[in-house]
């Protein structure tokens, strides 16, 4: 018997880049999905066994890890930050490229972090930030923010920030410079490990369809 599947997709830039891959994988969301004014969060697709939910990137990982959604698309930063054992990331979609970096005020970037014993950092990635600094023998005190990270140094909340960087324009506009790259980021197809076994008849072909879609696109 065919089981109903839920596909979690993040809002924003990754969503725009993921739509062509969805189409190549044979998934077409209903028209309301493309309506920018729609406040709906769940949408039907051309497949009667598959619906799409559109949520925040961090919530994609949570929905999939807990089995509320069986499959999803999210940045590798989210996968690494939460480090859910329930998540399996079988396909690098090669979209949503950016990097997770350390940044600080321009003119103060010459300080040797390795000579410090403690740093205070504003970030929405406390796990990855602590891991990065621990590897350098530095204790990181992380101030958790969900946005407006660039304001933290100028308002005295922290000396440094750890955040996603694409062009660097936002950092520059706020008087910050990128000093270290922690990791490169790209979007991944993720699945719930338990669901991948229980719903293998539906999920394995879907994962394979995305893998082929990426291969065809990248070979073009």
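In UniProt numbering, the protein residues as written are 1 to 220. Glycine included, each C-beta is placed from N, C-alpha and C at the ideal position.
* Have a look at 158, 26, 68 and 94 and flag the residue whose alpha-carbon is nearest the alpha-carbon of residue 48. => Between residue 48 and the set 158, 26, 68 and 94, the nearest pair of CA atoms involves 26.
* Under 9 Å, do residue 210 and residue 176 count as touching if we go by C-beta distance? -> No; because the gap between Cβ atoms is not below 9 Å, this pair is not in contact.
* Go to residue 125, then tell me how far its beta strand (DSSP E) extends in each direction, as first and last residue. => No beta strand (DSSP E) holds residue 125; DSSP gives it neither H nor E.
* To do: Please confirm if the stretch 63–71 is in contact with the stretch 137–154, defined as three or more CB-CB distances below 8 Å between the two stretches.
  => A contact is defined here as three or more CB-CB pairs under 8 Å, and the stretch 63–71 fails this definition with respect to the stretch 137–154.
* Asked: Going along the chain, which residues of its own chain have a beta-carbon closer than 7 Å to the beta-carbon of residue 40, five neighbours each way excluded?
  -> Within the same chain, and ignoring the five residues on either side of residue 40 in sequence, the residues whose Cβ sits closer than 7 Å to its Cβ are 32.
* To do: Would you mind stating whether residue 193 and residue 86 have Cβ atoms separated by less than 9 Å?
  => Yes, these two residues count as a Cβ contact at 9 Å.
* Asked: Per DSSP, which one or two residues make a beta bridge with residue 51?
  -> Per DSSP, 6 and 44.
* Nearest-angstrom Cα separation, counted from residue 117 out to residue 156 -> About 20 Å.
* Asked: Grouping DSSP H, G and I as helix and E and B as strand, with all else coil, what is residue 134?
  -> Of the three classes helix, strand and coil, the one that applies to residue 134 here is helix, per DSSP.
* Would you kindly check if the distance between the Cβ of residue 164 and the Cβ of residue 206 is under 9 Å? => In this structure, residue 206 sits away from residue 164, with a CB-CB distance that is not shorter than 9 Å.
* Asked: Anyone know if the C-beta pair for residue 196 and residue 84 falls short of 9 Å?
  -> Against a cut-off of 9 Å, the Cβ pair of residue 84 and residue 196 comes out as no contact.
* Where does residue 54 land, buried or exposed, given buried means 16+ other C-beta within 10 angstroms? -> With 16 or more Cβ atoms within 10 Å of its Cβ, residue 54 is classed as buried.
* Same chain, Cβ closer than 6 Å to residue 162, neighbours up to 5 away in sequence not counted -> Taken in chain order, the residues that qualify are 102, 121, 123, 125 and 129.
* Asked: DSSP three-state call for residue 38: helix, strand or coil?
  -> For residue 38, the secondary structure class from DSSP, reduced to helix, strand or coil, is coil.
* Would you say residue 10 and residue 52 are within 9 Å of each other, going by their C-beta atoms? -> Taking a C-beta distance under 9 Å as the contact criterion, residue 10 and residue 52 do not qualify as a contact pair.
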